[in-house]
Structure formats: structure tokens, C-alpha cells
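J.:
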Amino acid sequence: MSASDLSHLSDVFDLMDESAFVRGMDGRLTAWNPAAARLYGWSEADALERTVDQLFGEDTSRLDPLLLATGRWEGEAPRRTAAGTELRIQARQRLRRGPDGAPVAVVEIGRDLTAGRLEDQARRDLELRVASYQYVFDYMPVSLWQFDARLLGPFYRQARELGVVDLDAWLQAHPDIFEQMFSAIHCHGVNPTTVRLLGGSDPAEFVGPIHRFWRTSPDTLRRVMAASYRAATFHTEETSLIGVDGRKIDVILVITWLAGPDGRRFSIAGLVDITERVRAQKAELRLQEEFAHSARISMLGELTASIAHEVNQPLTAISTSGAASLRWLNRETPDVERATQQLEHIVAEARRAAEIIDRIHGMAAKQPSAKQPLEVETLIAEAAAFLQHELQAHDVTLELTTAADLPPVDGDRTQLQQVFVNLALNAAQAMSQAGGGDRHLAIRASLDDASTVKVTVEDRGPGLPPEGADQLFESFFTTKAGGMGMGLAISRSILEHHGGRIQAGNRPGRGAVFTIFLPASEGVRSSATGVDANLSV
Amino acid sequence: MSRDALIAVIEDDPALRRSIVDLVESLGYRAAGHPSADAFLASGDLVADCVITDIQMPGLSGIDLKRRLVEMGRTVPVIMVTARQDPALLQRAREAGPAGLLQKPFTAEALIDCLQAALAL
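Residue numbers (the numbering used here), protein chains in the order written: chain D, 1 to 537; chain G, 538 to 658.
1. So, does the CB of arginine 611 (chain G) fall closer than 8 Å to a CB anywhere in chain D?
2. Would DSSP call isoleucine 274 (chain D) helix, strand or coil?
3. Taking CB distances under 8 Å as the criterion, tell me whether alanine 324 (chain D) reaches chain G.
4. Using beta-carbon positions only, say whether aspartate 550 (chain G) and alanine 574 (chain G) come within less than 8 Å of one another.
5. Under 8 Å between C-beta atoms, does asparagine 506 (chain D) make it to chain G?
6. Quick one: list the residues of chain G neighbouring threonine 316 (chain D), beta-carbon separation under 7 Å, in chain order.
7. When burial is assigned at 16 or more other CB atoms within 10 Å of the CB, is serine 183 (chain D) buried or exposed?
8. For glutamate 349 (chain D), which residues in chain G fall below 7 Å Cβ to Cβ?
9. What span of residues does the alpha helix (DSSP H) with leucine 406 (chain D) cover, start to end?
10. Near leucine 63 (chain D), what residues of its chain come up, given a Cβ to Cβ distance below 6 Å and the 5 sequence neighbours on each side ignored?
11. Which runs of the beta strand (DSSP E), 3 residues or longer, sit entirely within the segment 77-118 of chain D?
12. Would you kindly work out how many angstroms separate the C-alpha atoms of serine 556 (chain G) and proline 624 (chain G), rounded to a whole number?
13. Measure the alpha-carbon distance for leucine 151 (chain D) versus arginine 160 (chain D) and round it to whole angstroms.
14. Who are the neighbours of arginine 277 (chain D) on chain G, taking C-beta pairs under 9 Å?
15. Express the C-alpha separation of aspartate 541 (chain G) and glutamine 653 (chain G) in angstroms, rounding to a whole number.
16. Under a CB-based cut-off of 8 Å, is leucine 564 (chain G) close to chain D?
17. Alpha carbon to alpha carbon, how far is leucine 329 (chain D) from glycine 482 (chain D)? Give it in angstroms, no decimals.
18. I'd like to confirm the pairing. Which residues does DSSP put opposite histidine 186 (chain D) in its beta bridges?
19. Buried or exposed: where does arginine 279 (chain D) fall if 16 or more other Cβ atoms within 10 Å of its Cβ makes it buried?
20. Please decide whether threonine 340 (chain D) counts as near chain G, where near means a Cβ-Cβ distance under 8 Å.
21. Count the other CB atoms within 10 Å of the CB of valine 336 (chain D); is the residue buried (16 or more) or exposed (fewer)?
22. Any Cβ of chain D within less than 8 Å of the Cβ of leucine 648 (chain G)?
23. Return yes when the Cβ of glycine 57 (chain D) is within less than 8 Å of the Cβ of isoleucine 89 (chain D), no when it is not.
24. Rounded C-beta distance between phenylalanine 643 (chain G) and threonine 456 (chain D)? I'm assuming under 8 Å.
25. Return helix, strand or coil for phenylalanine 266 (chain D), following the three-state DSSP convention.
26. Can you check whether the CB of histidine 394 (chain D) is closer than 8 Å to the CB of serine 432 (chain D)?
27. Based on the DSSP secondary-structure assignment, which residues constitute the bridge partners of valine 618 (chain G)?
28. What's the C-alpha gap between threonine 320 (chain D) and serine 446 (chain D)?
29. With a Cβ-Cβ cutoff of 8 Å, do arginine 538 (chain D) and phenylalanine 178 (chain D) count as a contact?
30. If we call anything under 8 Å between Cβ atoms a contact, is isoleucine 616 (chain G) one with alanine 636 (chain G)?
31. When the cut-off is 8 Å and only beta carbons count, does serine 598 (chain G) lie next to chain D?
32. Kindly indicate the opening and closing residues of the alpha helix (DSSP H) around glycine 708 (chain G).
33. Given this structure, state the Cα-to-Cα distance separating threonine 239 (chain D) from glutamine 281 (chain D), to the nearest angstrom.
34. Residue range of the beta strand (DSSP E) that serine 493 (chain D) falls in?
35. Could you tell me which residues DSSP puts in a beta bridge with serine 240 (chain D)?
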């Protein structure tokens, strides 16, 4: 190495940012660069008069064994400044040996870790925090939006100048201003949950005006603006927005306004998807309605049972008084007076029974009814669905046939279904009681004439007793063990209430057939009446 | 049992009470109608030879009445009548030891048979 090379090296030694010094084996400093002077606070002159012990409080005899063995060492060395401040130095040392191989000097280059370490730590902490915020942003199952509403500032100022207090009301009165404001709100960014929630494919899709997602909830936006206007820090409400695919999404919106580091207010909005909850609520409501509807259909049976007690009283009185009056008349000397009294009593009790029956008919058929056009096919299908379990229990197969282009009928859905349920149930029970394997129930709807829909309910049971045909629809006529004989009477009341009628007969061969006539919702209703009037009583 | 036996008829429905009283009288017995078990107990008809009582009535029930009579040491036969079909109620009625248990609507013949059997005891 030439002398000029050496002087170059000296320049390097002076200019380098890292501290560098050379010490002899006695610990005395022989070279000390300006960076070392800056770091340790000792001038070159001061340093060169001292040993490392004096400078750093270090035991000079303690050279690292690795340095002695290999001539190199690298590691963290404790050092101290002239002011006594402890430093942690990342040091690299080289051992210089003389011609005889004996160590003569140690060269050390050092980098101060003390400050660097703090910086590193702070940076790492910050990175960690940013990463965890990013993590929260990315993975939290809440749709997060960063809104940019800076363009709303002039509108707010205008409102304030006009002395507006209730911005919500003011914007309702000025829809044009509201529309301008709505269009001025942009979105800076959204998280992946938002993309998923709204059925998008990339967060970039959402950057820009928010109008297209929120256009169906202007009221929400107006309330949010009003909250911002009155310097609220928080607003929440249940609302909905429109997904990329046009789907309505029910959400809880939470928006919070914060002051940024620069003092400017900014907002973050979070949306929690409650579509499922809302859907579940709606389904529950539907279920409740269905349940109530079913309960009303079942009421026919309940009604029949509940009147037992009430009707039994006059019935028992009638039969008892009848027997008594016979006894008065059958005496050796007939007591006509007592017999007459009892007969009068019978007439009165019969009237009382009739009144009870009238009341029941009233309850069954004259409940507040909501008549509306009803598709016969739907009507029957729903009644059949209601009976599904009962029919299965009786091992009955069901055949439903509906003619095409059947006009609707005007009626109360529940009441008419009561009729079908009752007829089908009677048929199923008749077939079940009779035993036998051929348990087929056919319900067929067709057009009787242009203005009348005809529904037949046919079974393959024992059929109707010929002697009972006239009483069939009278109250308390029953062929069923334990039956009350109210179902057909109530059914007839319901049908008459609907301007329809019912007739009964037997199928050729085996089984009973009930035929219902109901006026079509539209058209002339005169042509068919009277044809089967004799059978319907 | 002589034909002038006294039959107490306890029934809260006046029309039915009247019918039963009349039927009993048509058989040649004396009959006394009461609208409730309490009214019967308060009356002088405790000496009746047979009691025909409804089960479900305001106040003391027919079953309670039978128990009360037993407590009083009275062995008068009690025929119970009910419009209810509740098996538990019918079971409790049977356990009280009635001379007969009739379900409404019953036939006059059933009541007559029951009454004559009770009076023959």
C-alpha cells in the first residue's frame, strides 16, 4: 500500500460515520476518528492520552478469546460517554499482530445501537400496530367504510349561515340540496367484509360515490348528515343498502366521527349484516300467521267439542220431560195437565237448543270474514296440506284434480278451508272406520257453468245411509261414533254465507260424494241456481 | 221402598231440574228440587231416600256432597249426573261411591233404572 493510499485511508477514517479507534495491548488509544469523538464525547487529543479503561471503564486485559483465537470479533460492547451515559455499541474488532505474531493492537469500529434500538423498537411497534389494525380491518366480520365527506363542508356552512338548526327537516324541505349532498359523499376504501357483504369482487369497486349502494335509504343518509351537522360523534340505526348484485341487505349502521391528527373531522362507518335476523323475524311472523290460520281451521273441531256441555242440558231435559209426559199420559188415569206442562217444557227446551245451534252457526260462519278472490286450487291444496298427517294416519291416499282456467271464487280463505278440511276428514274417518284397503279420497274442482265452480269430495267408504240423506246437514246428525254431528251443518252455513251450496250423494258402487257449488268471482251467477236446490237442504 | 219415598234433585240448570223432578213425580215418588248442594244441605230434605245430583255446580260439587254426606254418617244413595267427559273427573266421581253415574244426555229409562235400583237397596 502506497503512502498516498494510506493518506486516502486516513480520509476514510476521518469521514466515516461509524466510530473507529485503535488501541494498543496496554489499552492506550493510538487512533481516534471524529465519529468516535462525536459519539463518546472525547476529543482526539483527550482520547489519545487515555486507555480504554479510563475512557470506557473497561478491563483492558479482557480481550475476547474469539478475537485472540481468530483475530476477529463482532458483538455488542458496553461503552460509556465522557458524560457517563451508558451506550450499547455494535462493535467489530480486528486484532493486529506484529512480525513475530504477537498481538500489538486492536482496531474497533462501532455503531451506536442505543438510539437505533429505540427507533427500531418504535418502528417495530408501529408496524405491529398497523398490522394488527390492518388485521382487524381485513378480518373483522363488520363491513367498514371510510367516507370522504369533505365536499359537504360548503353545504353545512350554507345551512349554518341560514340559521338552520334541524338539518334533517331542512333537507326534507330541500330535496334538491339533499341530492347534491348525497352525490358529494365518496368512499375512500372498504374492507374485505364489505366486499363480501355487498357481493362485490374487489374493494376498488367501492371507491367513489356511495350513492349507488345507499340510494334506497336516503332517510338514513339525511339523518347521518344531520348528526354530522350538529357535531355528533356517533350515530346508529337499522337500515338497508343495495348490494352490487342489486340485493337488499339489512344492516345495523354505526358511524363515528373523530378528529384526525390534523384536527380535521373524519368518519368511519361500520355495518353489521342482520339480513338473516330480519329474514328469521319475517319467517317467524309468517309461521305465526300460518299457525293462527291452522288454529282457526281446527276451531271447527274445537267448537264441536266445546258445545257438548251446553247442548246436552236442553237435550237431557227434552228426553227426560218426554219420558215423563208419556208416563203422565200412560197412567191408569192419564194426567193430561202434567203431560201438557211437560210437552210445553219440551217445546221451550227445543227452542233453547235451537238458539244454541244458531249461535254456533253464527260463530262458525259469521266471524268477521275477509272475502277476497281465491284460487280454488290453492284453497284445496292448502286444506290438503293441513290434513296431510291425518290422511296418512288413516292410510288414505289423496287425489287432487283442478280443471285448467278455473275462475277464482270470492270468499274467506279460512272458512272455505274449514269446509274442505271437514269434508275430507269425514271421508277419511268413514273409510278408516269401515276398514278395508281401498282408501282413496278424490277432490276435484271443475267449472259447473260459466259462473259456478264445482268441487267434489269423493271417498270409497261405506257411503251415506239412505234414511239419513235428508238430515245429513242438520245439526247433531252423525253416523260417527263419538261424532257431534256439527261439521256438515256448519259447513253448509259457511257455504250459504258465501252464496254457495252443498249436496250429498253416493257414488255408483261404493262411497260417498259431496258436491260444493261456489259462485265464481266474476260473471253471471244466475244460471246454475236452483238446479240441485232440493238436494242441498 | 214405598212410593212416597222422597227424592232430592240437585241441578243448577232450572229447566233440567224441572224435567227431572217431573219425571220422578211421574214415577209416583215425592221430589224436591234444589239449585245447589249447599241449598240442599241447608234444607230439611236431608232425610231424602235418594239424591240425584249434578256434579259440576256452583258451590259444592256433587262429589263433594257425597263425601259430606258420608262424613255426616248418612248412607243415602247418591246418583251423579254430568255433561263432562273428562276421564279424570269420572274416575273421581266413581271413587266417591255413587249409587249411579249418568252422562248427559241420558235417557229417562236409564235414570229410572238407576233410581229404582238405588231405592231397592
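In this text, a Cβ means the ideal position worked out from N, Cα and C, and glycines have one as well.
Being a predicted model, the structure only gives us computed values, none of them experimental.
T.: By the coordinates alone:
1. no
2. coil
3. yes
4. no
5. no
6. Leu553, Lys641, Pro642, Phe643
7. exposed
8. Ala552
9. Taken as a continuous stretch (DSSP letters only), leucine 406 (chain D) belongs to no alpha helix (DSSP H), as it is neither H nor E.
10. none
11. 86-97, 103-112
12. 27 Å
13. 15 Å
14. Those within 9 Å of arginine 277 (chain D) in chain G number zero; the least Cβ separation is about 44 Å.
15. 13 Å
16. yes
17. Here glycine 482 (chain D) scores only 47 on pLDDT, less than 50, and its place in the model is too uncertain to base an answer on.
18. D:Asp148, D:Pro209
19. exposed
20. no
21. exposed
22. yes
23. no
24. The Cβ separation is near 40 Å, so there is no contact.
25. strand
26. yes
27. G:Asp591, G:Leu639
28. 49 Å
29. The displayed coordinates of chain D run from 1 to 537. Any statement about residue 538 (chain D) would go beyond what the structure contains.
30. yes
31. no
32. The structure shown has nothing for residue 708 (chain G), since chain G only spans 538 to 658.
33. 15 Å
34. Where serine 493 (chain D) is concerned, there is no enclosing beta strand (DSSP E), although the alpha helix (DSSP H) it sits in stretches over 487-497.
35. D:Asp250
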